[in-house]
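Some notes on the structure that comes next.
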Amino acid sequence: MIVIAIGDIIGRPGRRAVAELLPALKKQYQPDLVVANGENAAGGFGLSLDTANELLDTGINVLTSGNHIWAQREIIPYLDSEMSIVRPLNYPPGVPGRGYIDTGAAVVVNLMGRTFMADIDCPFRAMDALLPTLDSRPVIVDFHAEATSEKMAMGRYLDGRVSAVLGTHTHVATADTQVLPGGTAYVSDIGMAGPVNSIIGDDNRAVIQRFLTGMPVRLTVAKGRAMLNAVVIEIDDESGRAVSIKRIYEEEA
Ligand SMILES: [Fe+2]
Ligand SMILES: [Fe+2]
Numbered sequence: 002m003i004v005i006a007i008g009d010i011i012g013r014p015g016r017r018a019v020a021e022l023l024p025a026l027k028k029q030y031q032p033d034l035v036v037a038n039g040e041n042a043a044g045g046f047g048l049s050l051d052t053a054n055e056l057l058d059t060g061i062n063v064l065t066s067g068n069h070i071w072a073q074r075e076i077i078p079y080l081d082s083e084m085s086i087v088r089p090l091n092y093p094p095g096v097p098g099r100g101y102i103d104t105g106a107a108v109v110v111n112l113m114g115r116t117f118m119a120d121i122d123c124p125f126r127a128m129d130a131l132l133p134t135l136d137s138r139p140v141i142v143d144f145h146a147e148a149t150s151e152k153m154a155m156g157r158y159l160d161g162r163v164s165a166v167l168g169t170h171t172h173v174a175t176a177d178t179q180v181l182p183g184g185t186a187y188v189s190d191i192g193m194a195g196p197v198n199s200i201i202g203d204d205n206r207a208v209i210q211r212f213l214t215g216m217p218v219r220l221t222v223a224k225g226r227a228m229l230n231a232v233v234i235e236i237d238d239e240s241g242r243a244v245s246i247k248r249i250y251e252e253e254a
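When you read off a place in the sequence shown, starting at 1, and then add 1, the result is the number in my numbering.
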């Protein structure tokens, strides 16, 4: 099977880039599954009902998320609905929503790191608990984490047990796409769908002011032409092992 995974989609420019560029990518690669991280899709923070529906209408099959999933409160009741949205699996028990979804073609899991992030449950042990409960479908993991070392550790830890470990959250694509020895496709960060002239998607001036003053200057999504970062993964249907992973960088016309 072929999977396309898109990094964090940032506000309107990110949604526009997905709407403009995903149809051609789908035509070219004929994916069985399209996964994208939607945690910044609504004005840079969270996922609203409208933005979620808009993205699912572009041909994304599963929206993953991360630390900003609670930012738009209106989405919270829908996390337990039929909508194809997942939040990190390793939030403590009792939190709304689900940490994985079975699309029929594959199981998509969302996990969140703990290094330089909120101190939630252990993502490694959360996977140890989940994997024996799943059937033999390919498992695709979106590991939403800050530290490349934690991401790489997860890739190595799950190597041979899942089909892909794909990093999100930093919004900066890394050049370390590889199939690990056990057959797990890996990248430390897919990157983003968001404005090129920005600081990880946000307006340059506001972010620089934050660094200069240490004050909580309000961040806004930057304007202008957007890029789309994604990976295309080929998975052997029989074994569930990844055959290849390739980076994609596109820009709006
Ligand atoms: Fe993000
Ligand atoms: Fe994040």
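Glycine included, C-beta positions come from ideal geometry on N, C-alpha and C.
Can you name the start and end residues of the beta strand (DSSP E) that residue i belongs to?
i    : result
S150 : Note, S150: premise wrong, no beta strand (DSSP E); alpha helix (DSSP H) at T149 to L159.
I7   : I3 to I10
P196 : M193 to P196
E55  : Careful: E55 lies outside any beta strand (DSSP E), inside the alpha helix (DSSP H) at L50 to D58.
R248 : A243 to E252
T169 : A165 to T169
M228 : A227 to I236
N111 : V108 to M113
If residue i sits next to residue j, beta carbons under 8 Å apart, how far is it from one beta carbon to the other, in whole angstroms?
i    : j    : result
M84  : I236 : That pair is no contact at about 25 Å.
V108 : T65  : Not confirmed; about 12 Å, so no contact.
L48  : G39  : 5 Å
I246 : A231 : Rounded, the Cβ-Cβ distance is 11 Å, inconsistent with contact.
P32  : I5   : 4 Å
G184 : S240 : 7 Å
M193 : H145 : Actually they are not in contact, since the Cβ atoms of M193 and H145 sit about 13 Å apart, beyond 8 Å.
V197 : G225 : 7 Å
State the Cα-Cα distance for the pair residue i and residue j, rounded to the nearest angstrom.
i    : j    : result
F212 : D203 : 13 Å
I121 : A130 : 16 Å
I141 : L159 : 11 Å
T149 : A25  : 31 Å
S199 : P93  : 34 Å
P89  : R157 : 19 Å
P14  : G8   : 14 Å
P139 : V173 : 26 Å
G195 : I201 : 8 Å
R162 : V208 : 39 Å
E252 : M228 : 4 Å
L57  : I102 : 15 Å
Assign residue i to one of two classes, buried (16 or more other C-beta atoms within 10 Å of its C-beta) or exposed (fewer than that).
i    : result
E151 : buried
N205 : exposed
N54  : exposed
G168 : buried
Q73  : buried
Between which two residues does the alpha helix (DSSP H) containing residue i stretch?
i    : result
N68  : Where N68 is concerned, there is no enclosing alpha helix (DSSP H), given that its DSSP letter is neither H nor E.
F117 : Here F117 belongs to no alpha helix (DSSP H), and DSSP marks it neither H nor E.
Go through the residues and name those whose CB comes closer than 7 Å to any heavy atom of ligand 1, in chain order.
-> After applying the 7 Å Cβ criterion, the set is D9, N38, E40, N41, G67, H69, T169, H170 and H172.
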